[in-house]
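For the sequence shown, the numbering used here begins at 1 and goes up steadily by one.
Note that CB positions come from ideal geometry on N, CA and C, so glycine has one too.
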Amino acid sequence: MAYWQQWRETQSFDHCQGKCLAVKLSAEVADLSEPMRLSLKEGTDAVVDRIARAINDGLKDGSLSVGSAPHDVARLLYDLWLGASVMAKIHRSLAPSIPPRR
Numbered sequence: 001m002a003y004w005q006q007w008r009e010t011q012s013f014d015h016c017q018g019k020c021l022a023v024k025l026s027a028e029v030a031d032l033s034e035p036m037r038l039s040l041k042e043g044t045d046a047v048v049d050r051i052a053r054a055i056n057d058g059l060k061d062g063s064l065s066v067g068s069a070p071h072d073v074a075r076l077l078y079d080l081w082l083g084a085s086v087m088a089k090i091h092r093s094l095a096p097s098i099p100p101r102r
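What follows is the structure in structure tokens.
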């Protein structure tokens with residue numbers, strides 16, 4: 001959870017410089033340049049792999065339980081984060097990335 005919290009604090013919509021290029025350029029660049037698409041894929045795959053390792057660590061120490069393979073969960077979390085990040089930029093709000101309280 002600290003990973004996502006840090007992103008919210010450092011990569012949200014307030015300022016343009018130094019923000020996540022995967023969010024800002026990926027859809028546009030992926031259609032225009034195969035080498036750039038492959039570079040983005042390599043980078044995002046590396047992030048998903050890191051998330052999967054963190055999930056595996058949580059499973060091993062008993063602090064986490066998931067209903068699917070760790071890499072599948074990591075990919076889903078990353079995909080959801082990417083969509084929420086785009087929506088945060090469109091709406092200039094962090095609301096898409098903040099789950100409702102119960």
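Rounded C-alpha distance that separates residue 79 from residue 49: 13 Å
Supposed close pair residue 23, residue 85 - CB separation, criterion 8 Å: The beta-carbon distance between residue 23 and residue 85, rounded to whole angstroms, is 4 Å. This is short enough to meet the 8 Å contact definition.
Three-state secondary structure (DSSP) of residue 67: coil
The alpha helix (DSSP H) enclosing residue 43, as first and last residue numbers: From DSSP, the alpha helix (DSSP H) with residue 43 extends over 34-61.
Residues near residue 3 in its chain [Cβ-Cβ closer than 8 Å; skip 5 each side]: Counting only residues of its own chain and dropping the five nearest sequence neighbours on each side, residue 3 has a CB closer than 8 Å to the CB of 51, 54.
Status (buried if at least 16 other CB within 10 Å, exposed otherwise) for residue 39: exposed
Buried or exposed by the 16-neighbour rule on C-beta atoms within 10 Å, applied to residue 74: Residue environment analysis places residue 74 among the buried positions, since at least 16 neighbouring C-beta atoms fall within 10 angstroms of its C-beta.
Beta-carbon proximity of residue 35 to residue 56, cut-off 7 Å: Going by beta carbons, residue 35 and residue 56 fall outside the 7 Å limit.
Where residue 33 falls, given that 16 or more other Cβ within 10 Å makes a residue buried: exposed
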